[in-house]
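Just so it is clear: in the sequence shown, position 245 is 1116 by our numbering, and no numbers are missing.
I have placed the structure first, in the form of structure tokens, so that the comments after it can refer back to it.
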Amino acid sequence: MEHYDVVIVGSGHGGAQAAIALRQAGHEDSILMVSRDRNPPYERPPLSKEYFAGDKPFEKILIRPEAFWAERKVTLRLGANVNEVDWMRRVLSLSDESLVSYRKLIWAGGGDPRRLGCPGAELAGIHTIRSRRDTDSLKDELAAGARRAVVVGGGYIGLEAAAVLRKLDLEVTVVEMQDRVLARVAGPEISDFYAAEHRKQGVDIRLEADIDRIEGDGEKVTGVTLSSGQTLACEVVIVGIGIVPSVGPLIAAGAAGTNGVDVDSFCRTSLDDIYAIGDCAAHANPYADNAVIRLESVQNANDMASVAAKSIMGDKQDYDAVPWFWSNQYDLRLQTVGISNDYDQSVLRGDPEARKFSLIYLKEGRVIALDCVNNTRDYAQGRKLVMNRAEIDSELLADTEVPLKEMG
872 MEHYDVVIVG
882 SGHGGAQAAI
892 ALRQAGHEDS
902 ILMVSRDRNP
912 PYERPPLSKE
922 YFAGDKPFEK
932 ILIRPEAFWA
942 ERKVTLRLGA
952 NVNEVDWMRR
962 VLSLSDESLV
972 SYRKLIWAGG
982 GDPRRLGCPG
992 AELAGIHTIR
1002 SRRDTDSLKD
1012 ELAAGARRAV
1022 VVGGGYIGLE
1032 AAAVLRKLDL
1042 EVTVVEMQDR
1052 VLARVAGPEI
1062 SDFYAAEHRK
1072 QGVDIRLEAD
1082 IDRIEGDGEK
1092 VTGVTLSSGQ
1102 TLACEVVIVG
1112 IGIVPSVGPL
1122 IAAGAAGTNG
1132 VDVDSFCRTS
1142 LDDIYAIGDC
1152 AAHANPYADN
1162 AVIRLESVQN
1172 ANDMASVAAK
1182 SIMGDKQDYD
1192 AVPWFWSNQY
1202 DLRLQTVGIS
1212 NDYDQSVLRG
1222 DPEARKFSLI
1232 YLKEGRVIAL
1242 DCVNNTRDYA
1252 QGRKLVMNRA
1262 EIDSELLADT
1272 EVPLKEMG
């Protein structure tokens, strides 16, 4: 049996940052990173943006050059799953039939794309965007001549993919079951603005639309039939309807959790010496009134990784990072700071027609989040307002002549 002082499961942003943070904190013992991905750690956001569009080669989205990991004496075990966690013995059973023991375990497993459950969902030509392999497979289909695409889901992934597909001159239809795009992450003003932009770019957006089945020729997709009975002809389907947290072995071992795996303020699970970070870690977030949530973002993965690494090194610090997100679509950059869940008022700052504006969210009179479109200044200055839960008059917030940094 192999033994490593720290084993990290997952090679995304969280897993990579955990290894980096341990070495930066002076950890000199052995580190193993286990990942089902066959590539060294790489950035995930470009998969639906620059890498998909062909604007960045794979080497440019590596989190660190491949040689970095060997230089830092971080062992990579790629193409391997963790099948079982024996937390009492501190032993992992891997899919390559090897056993690995550990002193500390950091679970950064992320999640698996949620799949369609309708008839025809097994046909070729249906894609998700979660890994390099996913995006490469999609790019191969486009190179082979696919000209019509249906995107299922009007969230970040779906709209980013739609923007790239239009850039590549495909016919694109977005199918969203809710009454607006970005409904889970932004207010109606942002949703309406982005829906209008996509329509202006030639995207057909179908709201409050359910999928009845996927049509095919017996092997490959040929269309998507909606519950209305209409069939949307296509050669490619992209599914962006969220993820299922990859925590099966931890839950089977007895870890607490219903939506992912539960962690405390130091990113510790209910199992001794096992931490969880990133997309799969459910935590009480101070910027969501301490509601237990999962955050699917690079920021959350990186900051949780640092908290876990410090805890392992004996420097316990509570996770208290301001959440932030971003999305690039066409020439629009959406930057978000804070969590707008349960807001009771929103303030429009600027003019959407000018393609530069912000939407400020308040709860009980206090600023809890901002969505900023092509407005990096508001995004940067608004961070302090969110951190301080600043109580500011809505008319003042709407006044673009007054910088946010002067408000609190």
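Cβ coordinates follow ideal geometry from the N, Cα and C atoms, glycine included.
- Boundaries cannot be given for residue 1259, as no alpha helix (DSSP H) includes it and DSSP labels it neither H nor E.
- Bridge pairing for residue 1087: 1092 [DSSP].
- Residue burial annotation: residue 1235 is exposed, with fewer than 16 other C-beta atoms found within 10 angstroms of its C-beta.
- Residue pairing by DSSP puts residue 1196 in a beta bridge opposite 1207.
- Following the DSSP letters along the chain, one finds residue 1175 in no beta strand (DSSP E) but inside the alpha helix (DSSP H) bounded by residues 1169 to 1183.
- With a cutoff of 9 Å on beta-carbon distance, residue 1156 and residue 1164 are scored as near each other.
- Residues 1062 of the same chain have their beta carbon placed closer than 7 Å to that of residue 1054, with the five preceding and five following residues left out of the count.
- Note that the C-beta distance between residue 1268 and residue 1220 is below 9 Å.
- The continuous beta strand (DSSP E) containing residue 1042 extends over residues 1042 to 1046.
- An exposed status is given to residue 988, since fewer than 16 other beta-carbon atoms sit within 10 Å of its beta-carbon.
- Just so you know, the alpha carbons of residue 1249 and residue 994 end up roughly 45 Å apart.
- Ranked by Cα distance from residue 914, the first of 1207, 934, 1177 is 934.
- Here residue 955 carries a strand assignment [DSSP, helix/strand/coil].
- Residues of the same chain with a CB within less than 7 Å of the CB of residue 917, apart from the 5 flanking positions on each side, are 927, 932 in chain order.
- Ranking 1078, 929, 1093, 1059 by CA distance to the CA of residue 1229 puts 1059 first.
- Exclusion of the five residues before and after residue 882 leaves 904, 906, 908, 912 as the residues of its chain whose Cβ lies within less than 6 Å of its Cβ.
- Counting along the chain, no alpha helix (DSSP H) covers residue 1226, and no H or E run does either.
- Secondary structure of residue 946 (DSSP, three-state): strand.
- DSSP places residue 1218 in the strand class (E or B) of the three-state scheme.
- With the rule of 3 Cβ pairs closer than 8 Å, the region 961 to 969 does not count as touching the region 1081 to 1099.
- Pairing residue 1251 with residue 1210 gives a Cβ-Cβ distance that is not under 9 Å.
- Each of 1136, 1129, 981 was checked against the Cα of residue 1113, and the nearest Cα belongs to 981.
- Only buried fits residue 1064, as 16 or more other CB atoms lie within 10 angstroms of its CB.
- Nearest Cα to residue 1160 within the set 1125, 1181, 929, 1214: 1214.
- Non-local beta-carbon contacts of residue 1038 in its own chain, meaning distances under 7 Å to residues more than five positions away in sequence, involve 924 in chain order.
- Counting along the chain, residue 1035 sits inside the alpha helix (DSSP H) bounded by residues 1027 to 1038.
- Pairing residue 897 with residue 1176 gives a Cβ-Cβ distance that is not under 9 Å.
- Inter-residue distance for residue 937 and residue 1123 is about 33 Å (C-alpha atoms, whole angstroms).
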